[in-house]
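UniProt numbering numbers the first residue of the sequence shown as 1 and each following residue consecutively. The beta carbon of each residue, even a glycine, is placed where N, CA and C say it ideally should be. Remember, predicted model here, so these are calculated numbers, not experimental data.
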Amino acid sequence: MSCCGYCASFDKTLHYVSPAHGGWGVIRVAALVPESWLLFVAPFACGRHGALGGIEAGIKDRVFYVFMDERDIVSGDYEALIPDAVGELFDTLGTRPKVLFVFVSCLDDLLGTDNEAIIERLSASYPDVAFRSCHMNPVSMDTPNPPGVTLLDTMYGLLQKPTVRTTDGRRIVMLAGNNAALNGDCELSSLLAEKGIRLRHIGECRSFAEFQELGGSALNLLLRPAAQKACRSLETRLGIPYLESWVTYDPDDVARWYRTLEEKLGTGPLGWEAAYEEAQRAVAQTLLAVGSVPIAIDYQAVLLPFSLARMLLSHGFSVCHIAAKECPAIDAENKRWITEHHPDVQTLNPLHPDMVRFALRGTDCICIGFDCSYMTGSTKTVNLMEDEGLFGFAGICTLMKKIRDAAVSETDLRTVIREAKLVI
């Protein structure tokens with residue numbers, strides 16, 4: 001596997017952030033907790049960024065701000081601002097949320113505010129509200145606990161063991177780490193339902209009480225590494241085991257995962273074999289449709305870009321580029337395999353400042369993800385972010401159809417990016 005000379009892969013250097021880069025952002029993720037509000041305590045510029053994210057996500061009525069300036073910091077009034085603002089907020093609106101996430105910015109890392117003391121004070125004043133301290137601090141992105149990790153741990157830390165069984169009495173398996181619920185055609189839900197097990201996702205909970213039912217889950221399925229800390233905490237605190245369930249588009253990998261799931265749940269055979277055959281046919285059908293047209297894969301589109309590239313290459317597809325800012329440990333073996341068997345596949349770091357040269361413009365390829373489309377200028381775009389909605393054999397079939405559709409249609413990348421509501 002080669003790296004382009006103008007874009008040394010995985011260099012730690014300045015970042016070039018293109019319009020195609022971004023994701024859900026902490027505001028949209030935190031708002032998954034039903035009946036929750038978000039209070040951001042930050043300088044004006046940080047608040048503006050968050051406000052725009054809230055508007056884009058359609059949740060601006062649940063997001064509030066305390067803007068501070070240099071006088072607040074120098075005078076020491078910063079810590080007093082938060083309790084006063086919360087009181088004003090509740091009094092003005094005449095209602096209270098079930099949860100209030102209080103977000104502080106990078107500046108707080110320098111000030112060393114005792115946020116837990118503030119949370120204790122607020123909890124004593126409003127015992128009917130669950131207050132939680134959160135950090136929106138990009139300076140921690142290269143640490144083991146970046147904002148995405150700590151936020152999910154805080155969110156799922158709200159769960160308690162239910163005192164009564166769920167309304168329908170069925171066991172629960174919870175999805176963790178994926179921002180969006182799985183598509184309705186995913187076979188996992190129906191296969192578990194036949195065994196009396198209900199598949200649940202936080203995004204489908206319409207009330208805080210319904211969200212609390214997840215605390216009685218029999219098993220958590222960990223779909224993305226960002227939620228691993230949260231799953232470990234739930235296992236320690238509530239005794240809920242978890243199973244690593246990375247999204248993969250290799251039918252054989254999915255089959256192996258299902259066998260592990262059967263053992264974990266003790267259900268016996270789940271009956272996924274027909275879905276496996278359908279996924280195999282979908283891959284073969286897609287190969288016939290696209291032939292030798294090269295495919296570029298973006299790490300923002302899929303969690304495991306090297307795994308997807310290996311699957312495609314193993315089935316006879318042509319892969320030209322893999323755009324990734326790094327190679328996660330869970331994908332390292334696939335990267336090594338590609339390096340050994342397909343050294344002509346290029347690895348690109350879309351955040352490298354040299355990408356502003358747009359040396360790949362004019363490349364005719366099918367792009368899985370926005371970054372690759374932006375770098376190449378290709379109009380053959382698979383509209384996908386973070387494996388959203390995809391899982392199991394149905395996920396493979398859906399991705400294959402998206403590839404076939406992209407091969408014969410043109411995409412207006414500007415419109416697609418705007419509709420994706422990307423937040424840096």
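Problem set entry | Proximity winner among 188, 417, 150, 45, relative to residue 373 (alpha-carbon distances) | As a working note, residue 373 is residue 373 in the sequence shown. Of 188, 417, 150, 45, the residue nearest in Cα terms is 417.
For this session: Give the C-beta separation of residue 172 and residue 206 to the nearest angstrom, bearing in mind that I take them to be a contact with Cβ-Cβ under 8 Å.
Result: Within the sequence shown, numbered from 1, the residue matching residue 172 stands at position 172. Within the sequence shown, numbered from 1, the residue matching residue 206 stands at position 206. With a Cβ gap of about 16 Å, residue 172 and residue 206 do not count as contacting.
Exercise. Under the three-state reduction of DSSP, which class applies to residue 298: helix, strand or coil?
Worked result: As a working mapping, residue 298 is identified with position 298 in the sequence shown. It is a strand residue.
Exercise. By DSSP, does residue 186 sit in helix, in strand, or in coil?
Worked result: Counted from its first residue, the sequence shown places residue 186 at position 186. In the structure shown, residue 186 sits in coil (DSSP, three-state: anything other than H, G, I, E or B).
For this session: Find the nearest neighbour of residue 185 within the set 394, 48, 402, judged by alpha-carbon distance.
Result: As a first step, residue 185 is located in the sequence shown; it is residue number 185 there, counting from the start. It is 394.
Problem set entry | CA nearest to the CA of residue 102, picked from 65, 75, 125, 71 | For the purposes of this step, residue 102 is taken as residue 102 along the sequence shown, with counting starting at 1. When each option's Cα is compared against that of residue 102, the closest is 65.
Problem set entry | residue 221 classed as buried or exposed, judged by whether at least 16 other C-beta atoms fall within 10 angstroms | Locating residue 221 in the sequence shown gives position 221, where the first residue counts as 1. For residue 221, the number of other beta carbons within 10 angstroms of its own is at least 16, and it is reported as buried.
For this session: Could you work out which residue in 383, 354, 358, 295 is closest to residue 435 when comparing CA atoms only?
Result: Past the edges of the chain, shown from 1 to 424, lies residue 435, and the structure says nothing about it.
Exercise. Taking the alpha-carbon positions, what's the residue 31 to residue 340 distance?
Worked result: Taking the first residue of the sequence shown as position 1, residue 31 is located at position 31. Taking the first residue of the sequence shown as position 1, residue 340 is located at position 340. Going by the C-alpha atoms only, they are around 44 Å apart.
For this session: Indicate the three-state DSSP secondary structure (helix, strand or coil) for residue 321 in the structure shown.
Result: As a position in the sequence shown, residue 321 is number 321, starting the count at 1. Under the three-state reduction of DSSP, residue 321 is assigned to strand.
Problem set entry | Secondary structure, alpha helix (DSSP H): runs of 4+ residues fully inside the segment 332-380 | Taking only runs of at least 4 residues, the alpha helix (DSSP H) segments lying wholly in the segment 332-380 are 332-341, 370-376.
Problem set entry | Residue closest to residue 332, alpha-carbon to alpha-carbon, out of 315, 344, 309 | Here residue 332 refers to the residue found at position 332 when the sequence shown is read from its first residue. When C-alpha distances from residue 332 are compared across 315, 344, 309, the shortest belongs to 309.
For this session: Buried or exposed for residue 5, please, with buried defined as at least 16 other CB atoms from any protein chain shown within 10 angstroms of its CB.
Result: As a working mapping, residue 5 is identified with position 5 in the sequence shown. Low confidence applies to residue 5: its pLDDT is 43, below 50, so where it sits in the model is not reliable, and the reading given next is rough at best. Exposed, because fewer than 16 other Cβ atoms sit within 10 Å of the Cβ of residue 5.
For this session: With a cut-off of 8 Å on the beta carbons, I'd call residue 157 and residue 233 a contact; round off their distance for me.
Result: Against the sequence shown, residue 157 aligns to sequence position 157. Against the sequence shown, residue 233 aligns to sequence position 233. Indeed, because the Cβ distance is near 6 Å, the residues count as touching under 8 Å.
Exercise. Which of helix, strand or coil does DSSP assign to residue 242?
Worked result: The residue you call residue 242 lines up with position 242 of the sequence shown. In the structure shown, residue 242 sits in a strand (DSSP, three-state: E or B).
Problem set entry | As assigned by DSSP and simplified to three states, the class of residue 420 | Within the sequence shown, residue 420 is the residue found at index 420, counting from 1. Residue 420: helix per DSSP, three-state reduction.
Exercise. Where are the beta strand (DSSP E) runs, 3 residues long or more, that stay fully inside the segment 130-161, in chain order?
Worked result: As for any beta strand (DSSP E) of minimum length 3 sitting wholly inside the segment 130-161, the runs are 130-136, ordered along the chain.
Problem set entry | For residue 390 and residue 282, the rounded distance between their alpha carbons | For the purposes of this step, residue 282 is taken as the residue at position 282 of the sequence shown. For the purposes of this step, residue 390 is taken as the residue at position 390 of the sequence shown. Straight-line spacing of the CA atoms in residue 282 and residue 390 works out to 15 Å.
Exercise. In terms of residue numbering, what span does the beta strand (DSSP E) encompassing residue 65 cover?
Worked result: As a working mapping, residue 65 is identified with position 65 in the sequence shown. Its beta strand (DSSP E) spans residues 63-67.
Exercise. Comparing alpha-carbon positions, which option in 61, 243, 107 lies nearest residue 426?
Worked result: With the chain covering 1 to 424 only, the question about residue 426 has no answer from this structure.
Exercise. Around the C-beta of residue 145, are 16 or more other C-beta atoms found within 10 angstroms, so that it is buried, or is it exposed?
Worked result: Position 145 of the sequence shown, counting from 1, holds the residue named residue 145. Residue 145 comes out exposed.
Problem set entry | Check whether residue 421 and residue 56 have beta carbons under 9 Å apart | Reading the sequence shown from its first residue, position 421 is the one you call residue 421. Reading the sequence shown from its first residue, position 56 is the one you call residue 56. Yes, the pair counts as a contact, with Cβ atoms nearer than the cut-off.
For this session: Measure the C-alpha to C-alpha separation of residue 80 and residue 250 and round it to an integer number of angstroms.
Result: Counting from one through the sequence shown, the residue named residue 80 turns up at place 80. Counting from one through the sequence shown, the residue named residue 250 turns up at place 250. Those two C-alpha atoms are separated by around 54 Å.
For this session: Name the residue from 371, 411, 385, 355 whose alpha carbon lies nearest to the alpha carbon of residue 379.
Result: Stepping through the sequence shown from its first residue, residue 379 is reached at position 379. The shortest Cα separation from residue 379 among 371, 411, 385, 355 belongs to 411.
For this session: From the DSSP output, read off the bridge partner residues of residue 382.
Result: Sequence index remark: in the sequence shown, residue 382 carries index 382 (1-based). Answer is 368, bridged to residue 382.
Problem set entry | Candidates 254, 275, 256: closest to residue 190 by CA position | Position 190 of the sequence shown, counting from 1, holds the residue named residue 190. Looking only at 254, 275, 256, the smallest Cα-Cα distance to residue 190 is reached by 275.
Exercise. Under a three-way DSSP split, which group does residue 23 fall into?
Worked result: Translated into the one-based positions of the sequence shown, residue 23 becomes position 23. Of the three classes helix, strand and coil, the one that applies to residue 23 here is strand, per DSSP.
Exercise. Where does residue 104 sit, in a helix, a strand or coil, going by DSSP?
Worked result: Reading the sequence shown from its first residue, position 104 is the one you call residue 104. Here DSSP, grouped into helix, strand and coil, assigns residue 104 to strand.
Problem set entry | Three CB pairs or more closer than 8 Å across the segment 133-141 and the segment 210-227 | Not touching, per the Cβ criterion.
For this session: Find out if the Cβ-Cβ distance for the pair residue 300, residue 47 is shorter than 9 Å.
Result: The residue given as residue 300 occupies position 300 in the sequence shown. The residue given as residue 47 occupies position 47 in the sequence shown. Not closer than 9 Å, so no.
For this session: Along the beta strand (DSSP E) that carries residue 39, what are the first and last residues, could you check?
Result: Looking up residue 39 in the sequence shown gives position 39. DSSP places residue 39 in the uninterrupted beta strand (DSSP E) bounded by 36-42.
Problem set entry | 6 Å CB neighbourhood of residue 313 in its chain, flanking five on each side removed | Counted from its first residue, the sequence shown places residue 313 at position 313. Its chain contains 319, 342 as the residues whose beta carbon lies nearer than 6 Å to that of residue 313, once the 5 sequence neighbours on both sides are disregarded; these appear in chain order.
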